[in-house]
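In this note's numbering, the protein residues as written are 106 to 667. C-beta: ideal position from N, C-alpha, C; glycine also. Everything numeric in this text was worked out from a predicted model, so none of it was measured.
This is the structure:
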């Protein structure tokens with residue numbers, strides 16, 4: 106609902122194939138963030154350390170000159186482009202075209218990923234249509250806090266479980282899915298690949314399974330010890346295969362798996378389990394357009410750096426699209442250090458965020474309600490939309506800003522009149538669904554090891570709460586009030602609390618690398634031994650490092666506090 110050029114209410118559009126009649130609380134109240142006082146209405150330029158308002162021509166001319174100067178002196182490899190996976194297809198197309206035309210190979214949208222060793226020939230996706238998710242007889246959820254990540258998928262799976270389907274969970278947090286779980290394996294974050302390996306080994310020990318098809322290194326198989334739970338999961342997964350019946354099983358990878366430092370190993374193990382059990386295999390995308398941006402190749406070119414490596418390399422220049430650096434990446438400290446060390450960084454943002462204080466220019470872009478664009482959802486459905494309100498102040502749709510920026514970089518071939526022109530020039534198919542661009546299949550070319558790393562003290566579980574996943578929802582007051590009493594706590598298993606002589610509401614010092622922060626700790630049985638839950642995407646943890654990295658914990662006493 107719109108009033109005086111403002112969105113004042115959000116309601117679901119009924120569609121049985123996608124959301125039925127539902128809308129999540131996150132999506133129902135996220136519109137409040139569109140009207141935040143943080144909305145940026147004019148271009149901002151930093152001069153001698155001070156921010157000054159500017160006009161579009163001055164700001165874009167400056168950005169063009171700075172980027173051209175760096176590329177001329179240091180080569181196109183000095184530029185990196187980091188694109189939010191919430192960005193539209195049109196924005197991704199133009200960003201990629203700018204990168205390619207400048208001959209810079211460094212562009213990526215996988216900003217919360219840390220393991221990039223897996224090579225996908227096509228975009229990972231759900232593996233089935235959304236309306237069939239609730240029709241399986243068995244589910245194996247791997248590395249997923251389902252209700253937090255995919256509340257509407259959780260509703261479909263819950264209906265199926267309530268009608269007799271089996272749910273198996275392998276995860277590093279014992280999150281309550283509000284449905285019956287048949288078997289579960291909850292392991293510390295660094296042991297998550299090992300838990301999957303146990304299930305795969307249990308499957309290989311069943312009569313009739315051909316071990317020659319498994320790509321494990323044999324020495325690793327011999328070291329892995331199965332247990333009753335892994336055996337039970339294996340038997341359930343294989344029972345229909347042995348009975349020569351169709352195995353109506355769905356294996357799904359969630360956000361925790363995708364952001365894990367051993368994601369490639371987790372993926373390979375899950376993929377092998379799905380092949381042995383003849384199950385449907387899918388990846389639940391983390392963001393609205395993760396599938397789409399992967400499908401149109403908003404990825405590094407050959408020899409290019411992925412998102413994490415771009416930050417490690419500390420390039421001379423960065424272009425950020427719809428990113429709050431210390432809240433949206435896989436390593437907040439790494440992103441801040443990279444921006445600080447750069448000669449020039451420009452951010453295209455809807456908000457005047459305090460986390461953009463270290464960039465050089467901020468260009469105000471419109472959020473989704475003030476722009477037209479296209480997203481490709483988790484099932485590969487192409488969904489285009491139009492603006493419902495006018496752009497606020499001097500902000501402009503990001504696709505328009507990128508188009509004009511290309512002109513200031515003296516690049517040809519950017520004469521688009523509308524977002525539809527951009528889309529149709531690069532996506533020729535008129536089909537409602539992408540097909541050939543999507544696939545979860547991989548070729549495991551050689552044996553691979555199951556790496557079991559041991560953290561110094563704890564392995565961090567750094568998932569982002571669904572009300573903190575992007576710049577819009579982080580500014581929705583109703584959502585933030587709902588979690589303000591719980592979002593900034595660290596959580597530890599009762600046994601770990603006892604060993605550290607901690608009680609709920611004690612204050613602890615958490616250290617990752619050279620950075621530390623003080624947090625209140627609470628006892629939580631859902632956290633396995635060896636892990637500590639420290640959420641990402643919030644102010645209190647915005648200067649720590651890897652969201653699934655090592656960390657140490659020390660109790661703060663009255664003496665140490667003073």
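Kindly give me the distance between the Cβ atoms of residue i and residue j, rounded to whole angstroms, as I take these residues to be in contact under 8 Å.
i           : j           : result
residue 483 : residue 297 : Contact flag wrong, Cβ pair sits at about 22 Å.
residue 634 : residue 300 : With 8 Å as the limit, residue 634 and residue 300 do not qualify as a contact, their Cβ atoms being about 14 Å apart.
residue 112 : residue 616 : 42 Å between Cβ atoms; not a contact.
residue 378 : residue 274 : About 14 Å separates the two Cβ atoms, so there is no contact after all.
residue 169 : residue 513 : 3 Å
residue 358 : residue 384 : With 8 Å as the limit, residue 358 and residue 384 do not qualify as a contact, their Cβ atoms being about 12 Å apart.
residue 580 : residue 143 : 6 Å
residue 437 : residue 624 : With a Cβ gap of about 15 Å, residue 437 and residue 624 do not count as contacting.
residue 221 : residue 411 : 4 Å
residue 280 : residue 252 : 7 Å
Between which two residues does the alpha helix (DSSP H) holding residue i run?
i           : result
residue 173 : 161-179
residue 313 : Careful: residue 313 lies outside any alpha helix (DSSP H) and carries neither H nor E.
residue 374 : 368-382
Between the beta-carbon of residue i and the beta-carbon of residue j, is there less than 8 Å?
i           : j           : result
residue 461 : residue 475 : no
residue 558 : residue 174 : no
residue 250 : residue 568 : yes
residue 216 : residue 465 : no
residue 506 : residue 468 : yes
residue 503 : residue 192 : yes
residue 405 : residue 210 : yes
residue 190 : residue 391 : yes
residue 692 : residue 472 : What the structure shows of the chain is the stretch from 106 to 667, and residue 692 is not part of that stretch, so it cannot be assessed.
residue 613 : residue 660 : yes
residue 481 : residue 387 : no
residue 708 : residue 479 : As displayed, the chain neither begins before 106 nor continues past 667, which places residue 708 out of reach and without an answer.
residue 486 : residue 563 : no
residue 401 : residue 531 : yes
residue 629 : residue 597 : yes
residue 239 : residue 202 : no
residue 183 : residue 422 : yes
residue 521 : residue 566 : no
Within 10 Å of its beta-carbon, does residue i have 16 or more other beta-carbons around it, so buried, or fewer, so exposed?
i           : result
residue 283 : exposed
residue 313 : exposed
residue 607 : buried
residue 535 : exposed
residue 122 : exposed
residue 126 : exposed
residue 365 : buried
residue 654 : buried
residue 586 : exposed
residue 674 : There is no way to answer for residue 674, as the model of the chain reaches only from 106 to 667.
residue 160 : exposed
residue 441 : buried
residue 658 : buried
Can you tell me whether residue i is helix, strand or coil according to DSSP?
i           : result
residue 391 : coil
residue 110 : coil
residue 667 : Because residue 667 sits at a pLDDT of 42, beneath the cut-off of 50, its placement in the model cannot be relied upon, and the following sentence gives the value as read from the coordinates. It is coil, neither helix nor strand.
residue 556 : coil
residue 590 : coil
residue 478 : strand
residue 261 : helix
residue 149 : strand
residue 133 : helix
residue 329 : coil
residue 424 : strand
residue 127 : coil
residue 185 : strand
residue 246 : strand
residue 487 : strand
residue 638 : strand
residue 521 : coil
residue 156 : strand
residue 456 : strand
residue 284 : coil
residue 309 : helix
residue 252 : helix
residue 346 : helix
residue 273 : strand
Between which two residues does the beta strand (DSSP E) containing residue i stretch?
i           : result
residue 467 : 466-469
residue 200 : First-last for residue 200: 194-206, but that is the alpha helix (DSSP H), not the beta strand (DSSP E).
residue 644 : Neither: residue 644 is in no beta strand (DSSP E) and is coded neither H nor E.
residue 604 : No beta strand (DSSP E) holds residue 604; the alpha helix (DSSP H) holding it covers 599-604.
residue 616 : 611-617
residue 607 : Counting along the chain, residue 607 falls outside any beta strand (DSSP E), and DSSP gives it neither H nor E.
residue 418 : Counting along the chain, residue 418 falls outside any beta strand (DSSP E), though it belongs to the alpha helix (DSSP H) covering 412-418.
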